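Protein chains: 4
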Amino acid sequence: MRKPGRHFLQIPGPTNVPDRILRAMDLPTMDHRSPAFGELGRRVLDGMQSVFRTREPVYIYPASGTGAWEAALVNTLSPGDRVLMFETGQFATLWKSMAARLGLDAVFIQGDWRAGADPQAIESQLREDRNHDIKAVCVVHNETSTGCVTQIPEIRKALDAAGHPALLMVDTISSLASIDYRHDEWGVDVTVGGSQKGLMLPPGLSFNAVSAKAREAAKTAQLPRSFWSWEEMDGPNATGYFPYTPATNLLYGLAEAVDMLHEEGLDAVFARHARHGEATRKAVAAWGLEVLCQEPRHYSGSLTAVMMPQGHSADAFRKVVADTFDMSLGNGLGKVSDKVFRIGHLGDFNDLMLAGTLSGIEMGLQLAGVPHQQGGVQAALNHLAETPQNSVGDVTPQNKRRTG
Amino acid sequence: MRKPGRHFLQIPGPTNVPDRILRAMDLPTMDHRSPAFGELGRRVLDGMQSVFRTREPVYIYPASGTGAWEAALVNTLSPGDRVLMFETGQFATLWKSMAARLGLDAVFIQGDWRAGADPQAIESQLREDRNHDIKAVCVVHNETSTGCVTQIPEIRKALDAAGHPALLMVDTISSLASIDYRHDEWGVDVTVGGSQKGLMLPPGLSFNAVSAKAREAAKTAQLPRSFWSWEEMDGPNATGYFPYTPATNLLYGLAEAVDMLHEEGLDAVFARHARHGEATRKAVAAWGLEVLCQEPRHYSGSLTAVMMPQGHSADAFRKVVADTFDMSLGNGLGKVSDKVFRIGHLGDFNDLMLAGTLSGIEMGLQLAGVPHQQGGVQAALNHLAETPQNSVGDVTPQNKRRTG
Amino acid sequence: MRKPGRHFLQIPGPTNVPDRILRAMDLPTMDHRSPAFGELGRRVLDGMQSVFRTREPVYIYPASGTGAWEAALVNTLSPGDRVLMFETGQFATLWKSMAARLGLDAVFIQGDWRAGADPQAIESQLREDRNHDIKAVCVVHNETSTGCVTQIPEIRKALDAAGHPALLMVDTISSLASIDYRHDEWGVDVTVGGSQKGLMLPPGLSFNAVSAKAREAAKTAQLPRSFWSWEEMDGPNATGYFPYTPATNLLYGLAEAVDMLHEEGLDAVFARHARHGEATRKAVAAWGLEVLCQEPRHYSGSLTAVMMPQGHSADAFRKVVADTFDMSLGNGLGKVSDKVFRIGHLGDFNDLMLAGTLSGIEMGLQLAGVPHQQGGVQAALNHLAETPQNSVGDVTPQNKRRTG
Amino acid sequence: MRKPGRHFLQIPGPTNVPDRILRAMDLPTMDHRSPAFGELGRRVLDGMQSVFRTREPVYIYPASGTGAWEAALVNTLSPGDRVLMFETGQFATLWKSMAARLGLDAVFIQGDWRAGADPQAIESQLREDRNHDIKAVCVVHNETSTGCVTQIPEIRKALDAAGHPALLMVDTISSLASIDYRHDEWGVDVTVGGSQKGLMLPPGLSFNAVSAKAREAAKTAQLPRSFWSWEEMDGPNATGYFPYTPATNLLYGLAEAVDMLHEEGLDAVFARHARHGEATRKAVAAWGLEVLCQEPRHYSGSLTAVMMPQGHSADAFRKVVADTFDMSLGNGLGKVSDKVFRIGHLGDFNDLMLAGTLSGIEMGLQLAGVPHQQGGVQAALNHLAETPQNSVGDVTPQNKRRTG
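This is the structure:
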């Protein structure tokens with residue numbers, strides 16, 4: 001049976017791709033060795049530096065985000081190297097498993113999935129590592145499985161306080177272009193990003209922003225690499241080209257995405273996400289439910305993970321919402337499987353889409369027989385109305401944006 | 001400044017065109033004299049008969065809806081002919097003005113814009129017309145300016161009761177494919193439709209469904225006509241062609257629209273619109289505001305017109321909503337200019353889109369300082385959750401629909 | 001069976017709609033009463049003035065081209081008015097039939113379909129009309145059925161020489177934006193245009209460019225009109241709006257089309273069409289076939305009609321081409337049905353597309369057993385290579401154009 | 001300056017992406033964990049088995065083709081393993097360099113770039129390898145840099161004749177879905193493919209078709225791997241899912257591409273490419289130029305590399321063609337840089353597009369002052385007309401294909 005109206009894709013990525021980006025990609029593939037391609041290439045390479053807030057090179061892979069995790073590791077490390085990682089949730093766990101599979105010695109600081117990485121635990125491990133066996137500290141900025149944000153400047157400070165030379169690597173897959181992030185200012189060596197979240201693109205592109213220190217490390221790193229190799233990129237990238245066939249149509253979309261982010265303003269983008277996170281948490285509180293993230297300083301603007309009351313299945317609830325209201329919510333992953341559901345409020349999103357999303361959840365809780373109190377939507381609306389955004393003088397619908 | 005997320009186009013048409021239809025139109029124009037075009041032509045001509053619920057011919061104009069009003073009149077009437085029309089609202093008034101401009105003697109039964117056409121008033125006028133000077137009775141099925149639905153079977157009964165031979169002409173521009181309508185069963189002679197409402201297309205196509213009696217009248221009707229002439233259509237239409245260049249790409253979209261309506265099922269489409277109308281009125285009542293339509297039997301499933309409290313500008317309110325929440329609401333037209341706003345809940349629409357729409361209104365009322373009570377959204381959600389739809393076993397997002 | 005590669009749509013309109021225009025139309029329909037719509041409206045209204053080369057108003061109809069013929073007549077004339085028309089071909093004949101159907105007294109100067117309108121014949125008729133019963137002279141600029149161009153300045157001169165006050169009306173449906181045309185400079189009163197030829201859009205929009213004299217005539221013209229009425233347009237058009245729902249998505253495309261024409265430059269557009277016409281005629285000559293147009297001064301840049309050798313069916317030939325090479329050629333219309341085929345070389349077209357087109361014809365002639373000599377393609381290539389265009393310094397593929 | 005008409009993208013990939021595929025990708029990204037995604041996933045996984053002509057698993061990477069080269073190596077081999085490769089041209093050379101970078105011992109049999117791989121040279125090397133140090137033989141099926149096809153069954157026979165247990169790995173990036181290929185029947189262990197050539201998609205997807213023997217080898221292979229790991233794929237793939245976020249929108253396009261290939265029929269697709277290769281070579285011969293491939297049995301249906309006369313720059317010629325005729329031709333790579341140009345005639349392509357392509361080359365040769373004889377286009381047209389394809393009874397333009 002046809003489901004009328006738009007699907008609400010409220011998983012924490014892939015996100016709702018705006019028409020402007022879909023249409024930018026819906027054009028003939030061009031010759032990747034033509035002069036026009038070089039212009040496009042430089043445009044997206046420059047653009048991504050502005051998004052990562054870096055003057056260092058950004059490498060763009062024609063591959064989805066998991067690949068950029070691998071790129072960060074294989075370019076900088078050698079077999080058996082020790083890396084320190086922090087269990088913020090499922091994605092930190094997967095990155096750790098990848099490190100192990102690649103032959104690294106991954107030390108994993110355990111966490112309870114209810115906060116970001118703990119800088120003190122990291123500092124303490126680093127201080128103990130007198131021989132500097134640890135070659136890299138890897139943390140996830142925004143844990144997509146929990147909705148907890150690690151404060152990267154605090155992690156940087158932990159390394160500095162310990163006087164430890166390890167590289168700092170950060171996964172920003174679900175925070176880039178949604179939550180404030182500053183590659184250079186925060187002293188990160190490798191930042192990993194992907195296309196399908198705050199950048200509002202379909203999956204298929206991923207990124208490494210790389211410090212001079214990391215590029216130096218690459219010179220001696222022994223892990224075998226070819227597809228992911230940074231050094232192959234530098235030459236062609238200088239004039240906007242790539243060492244092998246790039247994902248041209250996704251690059252069309254990326255150029256458009258960067259334009260759109262700057263039209264709105266990165267700070268406005270971050271504020272929008274933060275405000276939607278706050279409104280969502282007010283709804284959760286009014287329902288009498290609990291947010292997975294226990295540390296208010298670590299609340300995420302990208303997504304909110306909500307704990308189900310004891311004895312109730314998150315997946316059964318999500319199925320009711322999907323079947324009745326044509327909305328996809330994120331499932332609980334790993335340790336919190338079936339115990340939480342996740343609300344994505346990132347990407348190309350606005351107040352009325354959030355109101356629709358929370359309405360679907362509130363009605364779904366009722367239909368699925370999940371104990372809760374009404375009033376979550378109302379609480380969110382009150383917050384949104386008290387903090388109105390977008391107070392500009394003129395209606396600017398979809399088409400105008402593109403041609404304006 | 002870029003406004004993030006999707007625009008909410010909640011005027012009572014044009015409506016939110018689904019991606020499936022936009023993409024169907026986004027293909028090269030074909031040769032309108034090729035064999036493949038003939039297949040497309042018959043497909044849409046047959047399809048529109050199913051939508052009008054008629055076995056009589058449907059004529060498709062490469063022109064927007066106002067043109068189909070003119071087509072209905074010029075094909076059947078002669079200069080100076082008397083037509084009886086009923087002032088249900090602004091669109092009835094415009095159709096009457098058109099009739100007068102075309103040289104017809106338009107008799108206009110006054111109405112207060114708060115109900116559909118009154119069958120007794122019509123019957124009474126017809127009874128008085130002993131000479132049968134009245135050649136046609138013209139009513140608007142769903143008054144887009146007021147949200148009041150005329151009960152067409154009652155109008156048919158009025159003509160029959162009066163034993164009057166006038167043609168019955170009905171404007172279904174904002175009801176076709178949204179509110180139950182039956183051209184044959186209800187004994188209508190000319191039904192006028194347009195593409196940009198329940199058919200979910202952009203504007204640019206319009207329709208006449210025509211009874212044998214109306215086609216007979218066309219043989220002697222003296223109003224000059226060429227572009228709108230039905231008789232030019234019959235020959236080419238038989239094999240799926242048109243007497244002059246058709247709006248090919250809109251026809252691609254129309255073929256897709258008819259498929260989509262039948263995938264959902266016309267009765268399900270009507271029930272969906274009725275339920276959304278009911279939820280909307282519950283919201284309006286909870287806000288303590290008044291719906292323009294005073295006759296519950298005439299409530300519209302397509303749109304709801306809401307009266308502003310005395311002394312408050314509907315247009316100022318709409319501007320706040322547009323500027324703050326990127327939503328277009330319909331303005332008050334003619335007599336009710338600035339006194340009402342109109343909520344379109346027709347076309348490709350679902351529960352969460354309605355929830356977002358009503359949320360934008362409730363927050364807008366607050367920001368614009370319009371006296372009201374909170375709780376409209378909550379009242380609507382309660383209604384929607386008590387009457388859940390779409391309870392199918394499987395999520396079927398956008399792409400699946402198209403290729404499935 | 002699937003036919004691989006692109007269809008060659010080489011009828012003289014609708015033409016190959018470029019991706020840029022299809023994509024511009026593939027966006028959500030906007031509120032036609034919003035501020036952003038007003039901007040779009042003024043943009044296309046101003047843009048169309050530049051295309052018609054006029055400072056007079058241009059009226060845009062949400063209707064295909066035949067409607068704009070009707071608009072020209074009903075706005076300016078009264079029942080029984082005499083109009084002088086010239087039989088340049090099938091479209092002149094159809095316009096004449098329309099005039100008759102609308103109750104006008106259409107005087108038709110016969111032609112042999114092998115040249116444009118004859119100014120002397122027109123002047124002579126006007127001189128005889130001492131009472132000035134003739135209210136309008138109507139000619140087709142580029143006869144789509146024959147590929148003969150009427151020299152409009154000569155027609156203007158004929159009216160002036162006869163001292164006759166009749167309005168001059170010109171159909172530019174298949175010449176606008178393909179062949180040089182100047183509404184103001186040439187003293188035309190009503191110019192009729194359509195969207196699906198040189199403007200590179202799908203069918204569904206049409207135009208009247210209107211002189212002050214024609215607007216003055218409209219004040220007393222008695223033919224009934226409402227949908228087509230110019231006077232309803234002026235008020236809303238002033239701020240970019242329309243008196244009834246416009247064909248919004250086609251207007252998105254029109255805005256893009258006007259931009260594209262000016263990026264190339266109108267004079268370059270005209271030169272390109274003329275050069276392609278010349279190359280085509282060289283091919284026809286090399287094949288030993290005859291071009292329908294006998295008057296070199298009247299050769300068309302939009303299309304070339306080619307006469308079949310005696311005893312050979314043009315339609316059988318066209319079917320071979322369609323079936324074997326997936327190319328649509330124009331059929332012979334009316335008097336020349338099955339005797340000519342027409343090659344459209346207008347719209348978004350270039351040298352290699354023309355080479356492919358002529359190659360399909362040359363191979364089709366061979367496969368269909370039509371007597372001819374080889375070498376047509378070669379002759380065309382020689383002409384194209386001797387007169388190279390587009391000699392710019394840089395490749396600028398599809399995507400660059402859009403975003404550049 | 002705008003260049004009118006369609007760009008001719010006649011490099012040997014990326015190829016001209018058909019509208020049907022672009023439009024299939026131009027839809028909202030779906031939840032990659034939803035039931036509907038599982039259906040899509042199985043559909044493309046099954047579909048790719050039919051394209052590779054295998055009943056073995058096919059792994060789909062959200063990465064461009066170079067990645068699938070790496071996947072083939074890292075899944076099956078251990079550091080220091082010897083691989084035997086054959087220098088068919090630039091891509092064989094690049095694959096060899098990759099192997100070396102990944103720590104393999106790549107033995108490279110030299111070739112002159114004018115034929116496919118030599119089975120005798122391979123057999124001889126294998127016979128000498130008494131200890132079976134060679135773990136894999138890697139050949140390129142269609143060398144994109146030269147237009148020479150290696151006969152894979154002969155290579156298989158060479159391994160068998162030598163009684164050598166090495167894995168056979170084949171790169172089909174520019175032959176898959178263009179030139180006959182049979183993974184199972186030909187006894188290949190790993191076949192590498194990409195999306196942007198015969199599959200008619202943009203770049204961004206790549207493939208490994210994998211024999212049981214190769215999967216067995218993977219169990220002991222020691223090269224580190226995670227992103228490329230086959231074993232992670234099997235579990236999720238069984239129900240249509242992937243171990244990490246897939247390139248969803250490219251998968252939409254892939255599903256459409258597989259449908260299109262089967263609508264035409266794979267054998268018809270291969271025959272079409274072969275015929276276009278033959279017509280192209282006839283043109284080259286008529287120009288008096290030489291095809292790079294010297295071995296007629298190795299001629300490619302995907303592309304033709306043409307040698308420039310001594311003292312003439314291929315790149316200068318290509319620039320003339322690009323600037324004057326808006327066509328991209330492939331450049332000479334590596335050893336033949338500036339000495340050859342390459343004509344891509346693969347993907348979504350037909351006779352008239354080929355005629356346009358060859359016309360652009362013939363005119364370009366003239367404009368660039370390259371010594372040649374006229375008549376290449378004529379020679380190709382003669383071949384095409386003597387061997388007509390697509391002789392079906394009905395025109396079936398673009399739109400019909402999609403909706404029919």
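Chains as they are written, first to last, in the UniProt record's numbering: chain C, 1 to 404; chain X, 1 to 404; chain S, 1 to 404; chain V, 1 to 404.
Virtual Cβ for every residue (Gly too), placed ideally from N, Cα, C.
Computed from a predicted model, the values in this text were never measured in an experiment.
Strand pairing of residue i, partner residues [DSSP]
i: V139 of chain S; result: S:V170
i: T304 of chain C; result: C:I343
i: N208 of chain V; result: V:Y59, V:V192
i: M327 of chain V; result: V:F8
i: I134 of chain S; result: S:R82
i: Y244 of chain C; result: In the DSSP output, where bridge partners are listed per residue, Y244 of chain C has none listed.
Cut-off 8 Å between Cβ atoms - residues of its own chain near residue i, not counting five sequence neighbours on either side
i: V269 of chain C; result: A177, S178, G198, L261
i: G240 of chain C; result: F37, G38, E39, L40, G41, R42, R43, L45
i: P296 of chain X; result: none
i: T220 of chain S; result: S78
Buried versus exposed call for residue i [16 or more other C-beta atoms within 10 Å across all chains shown]
i: D112 of chain V; result: exposed
i: E256 of chain X; result: buried
i: Q378 of chain S; result: buried
i: R130 of chain C; result: exposed
i: G194 of chain X; result: buried
i: A212 of chain X; result: exposed
i: D326 of chain X; result: buried
i: H298 of chain C; result: buried
i: L381 of chain V; result: buried
i: H7 of chain V; result: buried
i: S145 of chain S; result: buried
beta-carbon residue i near the ligand FAD non-hydrogen atom, thresh 8 Å
i: P371 of chain V; result: Looking at this structure, you won't find the ligand FAD or any other ligand, since it has none at all.
Sequence-distant residues of the same chain with beta carbon closer than 7 Å to residue i, five excluded per side
i: L251 of chain V; result: L40, V44
i: residue 408 of chain X; result: Here chain X comprises residues numbered 1 to 404, so residue 408 of chain X is not present and cannot be evaluated.
Contact with chain A by residue i, beta-carbon distance below 9 Å
i: R42 of chain S; result: In the structure shown, chain A does not exist; the protein chains are C, X, S and V.
Own chain partners of residue i with C-beta closer than 6 Å, once the 5 adjacent residues on each side are dropped
i: I11 of chain S; result: S328, G330, G344
Closer than 8 Å between beta carbons: that is the criterion. Which residues of the region 320 to 338 of chain V meet it against chain C? A322, S328, N331
Residues within the region 68 to 96 of chain V neighbouring chain S, beta-carbon criterion of under 7 Å: none
Using Cβ-Cβ distances below 7 Å, what residues of the region 4 to 35 of chain X are close to chain C? P4, G5, R6, H7, F8
Relative to chain S, which residues along the region 136 to 166 of chain V have a C-beta separation below 9 Å, given in chain order? none
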